[in-house]
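Student:
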Amino acid sequence: MKFEKPLSGLKVLEMGQLIAGPFTTRMLAEFGAEVIKVEPPGRGDPIREWRHIYKGSSLW
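Note that the sequence shown covers residues 44 to 103 in my numbering.
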């Protein structure tokens, strides 16, 4: 038997950066929400450039 997730059918527009916003919408997605992430054109989320870079991407 397959259960529907509690937030199925909910759409979330995520325009946050760094840690708090993306973490929150990740949790919403785990509960079934559809998340649309908007990032600055040509740059993306600044967290991608933080700390140690491995194969062109942050390990965060």
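Quick reminder that beta carbons are idealized off the backbone N, C-alpha and C, glycines included.
1) Going by C-alpha distance, which of Pro89, Met44 and Gly52 is nearest Glu73?
2) If you drop the 5 nearest sequence neighbours on each side, which residues of the same chain put their C-beta closer than 6 Å to that of Asp88?
3) Can you tell me where the alpha helix (DSSP H) with Leu56 in it begins and where it stops?
4) Of all the options Ile90, Val78 and Ile96, which has the alpha carbon lying nearest to the alpha carbon of Ile62?
5) Tell me, please, which residues DSSP counts as bridged to Val81.
6) Work out the CA separation of Leu50 and Arg69 for me, nearest whole Å.
Tutor: Working from what's here:
1) As a working mapping, residue 73 is identified with position 30 in the sequence shown. Each of Pro89, Met44 and Gly52 was checked against the Cα of Glu73, and the nearest Cα belongs to Gly52.
2) Taking the sequence shown and counting its residues from 1, the one referred to as residue 88 is at position 45. Gln60 and Glu82.
3) Numbered from 1 along the sequence shown, position 13 holds the residue referred to as residue 56. In this chain, Leu56 is not harboured by any alpha helix (DSSP H); it is covered by the beta strand (DSSP E) spanning Lys54 to Glu57.
4) Position 19 of the sequence shown holds residue 62. The option with the nearest alpha carbon to Ile62 is Ile90.
5) Walking along the sequence shown from the start, residue 81 turns up at place 38. Listed as beta-bridge partners of Val81 by DSSP are no residues whatsoever.
6) Here residue 69 refers to the residue found at position 26 when the sequence shown is read from its first residue. Here residue 50 refers to the residue found at position 7 when the sequence shown is read from its first residue. C-alpha separation (whole angstroms): 12 Å.
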